[in-house]
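Engineer: In the working numbering, the protein residues as written are 1156 to 1309.
Quick reminder that beta carbons are idealized off the backbone N, C-alpha and C, glycines included.
As the structure is a prediction and not an experimental result, all values here were calculated from the model.
#1: Helix, strand or coil for residue 1239? Go by DSSP, reduced to three states.
#2: Which residue wins for smallest C-alpha separation from residue 1294, given the options 1303, 1261, 1269?
#3: Would residue 1298 be called buried (16 or more neighbouring beta carbons within 10 Å of its own) or exposed?
#4: Tell me where the alpha helix (DSSP H) around residue 1184 begins and ends.
#5: Identify, in the order they occur along the chain, each residue of the same chain with its Cβ nearer than 6 Å to the Cβ of residue 1301, setting aside the five sequence neighbours on each side.
#6: Based on Cα-Cα distance, which residue from 1292, 1248, 1209 lies nearest to residue 1239?
#7: Taking only runs of the beta strand (DSSP E) that begin and end inside the region 1244–1278, which ones reach a length of at least 3 residues, in chain order?
#8: Evaluate residue 1182 with the Cβ neighbour count: other Cβ atoms within 10 Å of its Cβ, from every protein chain shown; 16 or more gives buried, anything less gives exposed.
#9: How far does the beta strand (DSSP E) with residue 1301 in it reach, from first residue to last?
#10: For the candidate residues 1212, 1271, 1247, 1184, whose alpha-carbon lies nearest to that of residue 1206?
#11: Could you tell me which of 1263, 1296, 1260, 1250 sits nearest to residue 1275, measuring between CA atoms?
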């Protein structure tokens, strides 16, 4: 009986629920309350940082795109004084009235954070509804600017 004890213990522990199944790699909403996803800036969403950024200059092909998503993007070249190579392209959240997107050819420093949400139309809805969104249902993130960093002139 004593020789069977380790085997029985292992069998018992293996029979206990293990949380999420190995094959189920989906994220549960409850998990987002305690664990924030890592964003495009390689930090948890909501982390306040100082970035150096410029308006994104599209390729010729991108500039012909009718959606012109690139018009809402910036290239972040530096986070908290550390250079990013390659720069990160991210949407500039225009719902924040605090700071406008930098004009083309201008680099600014801004304090802000990355946030995100789901947007678009699920594939299944498009089959049943005459919606022409063109944006697939997916998670989209953006940089929420809070204020520009003004450096004293030398």
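Structural biologist: Let me lay it out:
#1: In this structure, residue 1239 counts as strand in the three-state DSSP scheme.
#2: Selected option, being the one with the closest Cα: 1269.
#3: By the Cβ neighbour-count rule, residue 1298 is buried, with 16 or more other Cβ atoms within 10 Å of its own.
#4: First-last of the alpha helix (DSSP H) with residue 1184: 1184–1187.
#5: Excluding its 5 nearest sequence neighbours in each direction, residue 1301 has C-beta neighbours in its own chain below 6 Å: 1253, 1266, 1267, listed in chain order.
#6: Closest option to residue 1239, Cα to Cα, is 1209.
#7: For the region 1244–1278, whole beta strand (DSSP E) runs of length 3 or above, ordered along the chain, are 1262–1274.
#8: Within 10 angstroms of the beta-carbon of residue 1182 lie fewer than 16 other beta-carbons, which makes it exposed.
#9: From DSSP, the beta strand (DSSP E) with residue 1301 extends over 1293–1303.
#10: Ranking 1212, 1271, 1247, 1184 by Cα distance to residue 1206 puts 1247 first.
#11: Distance from the Cα of residue 1275 is smallest, within the candidate group 1263, 1296, 1260, 1250, for 1296.
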